[in-house]
Amino acid sequence: MEESYVLHLQKQYQKFSDFYLCYCGHARCEPLHSYGPAVRPNYLLHYILDGSGIYRVEDQEFSLHKGEGFLIEPNKQTFYQAGEEDPWTYLWIGFDGAKCESCLRSLGLGNGQLTFRCEDGGELLKLVESMLTYNKSDTEADFMLQSLLCRFFACLAKGISRESERRLTKRERENLYIHQAMEFIRNNYANGITVSDIAGYVALNRSYLFTLFRRILGVSPQECLTQFRLTRAKEQLTLTDASVANIAMSCGYQDPQVFSKAFKQQFGITPVKYRKWDRERALRSLEHLAEAPEEPAAPKL
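The sequence shown begins at 1 in my numbering and counts up by one.
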């Protein structure tokens, strides 16, 4: 192996027990350079910057090339080897912690999925090279390395997601757009978002977004956003004593009168009258339960 750059860390777990960097590096390998068979105590990700090689774990063997990577899981015997004619150059990060498995699952890795493809190799290399500069054991380095580890995973998540989307059928991709749009609405409906914000989030023009919503959900994006806000408002009117003005603000309406008008158009009743009706209904239900005759005790045998 030549041009190898490596950073090994100690005691990182003392600050970040859930997810922390153990070591990292990058190297250009000689033809047929190999490692293993070996068992690792922690998780390890390799990403191929150039060239090719093989990765073997238990009874599986993968032939991998530039832009691809592989996951080594703890306590599993693995072997990997650079190609003879086009040996790989790769980078790696070793990491551990209680939340590693869930972090990897969010990328679609683990549970039998041990390889991936990502086109952001340049950015991943920059992050590893930044990690290598923090070779001192102090608080600043610990926090910087933790932030770089998270950025590395963020870069992977973005790259792997794009690769996954390219493999989707047209229908699967359209359903994904709707899922992402609904997720954005759920997380941001209180912030005064608009249909343009939704379209920007899923990277579609408004016209196409409108077409997808009407065809798949039967409503326009604006209608969907309004229904979501008003349904949340209805829940708050039932479950809280917050004022109508505060509920309007918490559901993305700056003007309580605009909120009240939209609520009446949706449900046929104003927010104030709905709250009064709902609480009277709840009181009648309680009174009915209190007046109901007690069930006779089971006969003794």
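Even for Gly, the Cβ is constructed at its ideal location relative to N, Cα and C.
Just the C-alpha distance for residue i and residue j, rounded to the nearest angstrom, thanks.
i      : j      : result
Ala245 : Asp96  : 48 Å
Ser17  : Cys100 : 10 Å
Val128 : Glu30  : 21 Å
Thr89  : Ser63  : 14 Å
Lys264 : Phe213 : 24 Å
Leu239 : Leu283 : 14 Å
Leu145 : Tyr134 : 7 Å
Lys261 : Leu286 : 31 Å
Lys158 : Leu107 : 9 Å
Could you work out which residue in the options is closest to residue i when comparing CA atoms only?
i      : options                        : result
Glu85  : Phe228, Ser130, His33, Gln60   : His33
Tyr43  : Arg105, Ser260, Glu61          : Arg105
Leu125 : Asp142, Ser102, Phe153, Gly108 : Phe153
Leu109 : Gln146, Gly67, Asp120, Leu71   : Leu71
Leu225 : Ile178, His65, Asn205          : Ile178
Arg232 : Leu148, Glu280, Ile198, Phe259 : Phe259
Leu230 : Met249, Leu217, Gly218         : Met249
Gly53  : Arg40, Gly218, Tyr35           : Tyr35
Ile193 : Glu174, Leu176, Gln254         : Gln254
Where does residue i fall in DSSP's three states?
i      : result
Gly69  : strand
Lys125 : The question names Lys, but residue 125 is Leu in the sequence shown. Correct three-state label for Leu125: helix.
Ala98  : coil
Phe228 : helix
Arg40  : coil
Arg279 : helix
Ser220 : coil
Ser17  : coil
Under the DSSP definition of a beta bridge, which residues are partnered with residue i?
i      : result
Glu61  : Arg56
Tyr90  : Ala27, Ile48
Arg117 : Glu68
Gly110 : Gln113
Ser34  : Gln81
Val6   : Gly25
Would you mind sorting residue i into buried or exposed? The rule is 16 or more other CB atoms within 10 Å of its CB.
i      : result
Ala203 : exposed
Val6   : exposed
Phe19  : buried
Pro74  : exposed
Asp59  : exposed
Comparing the C-beta of residue i with each C-beta of chain D, is any distance below 9 Å?
i      : result
Leu286 : This model lacks chain D altogether; it includes just one protein chain.
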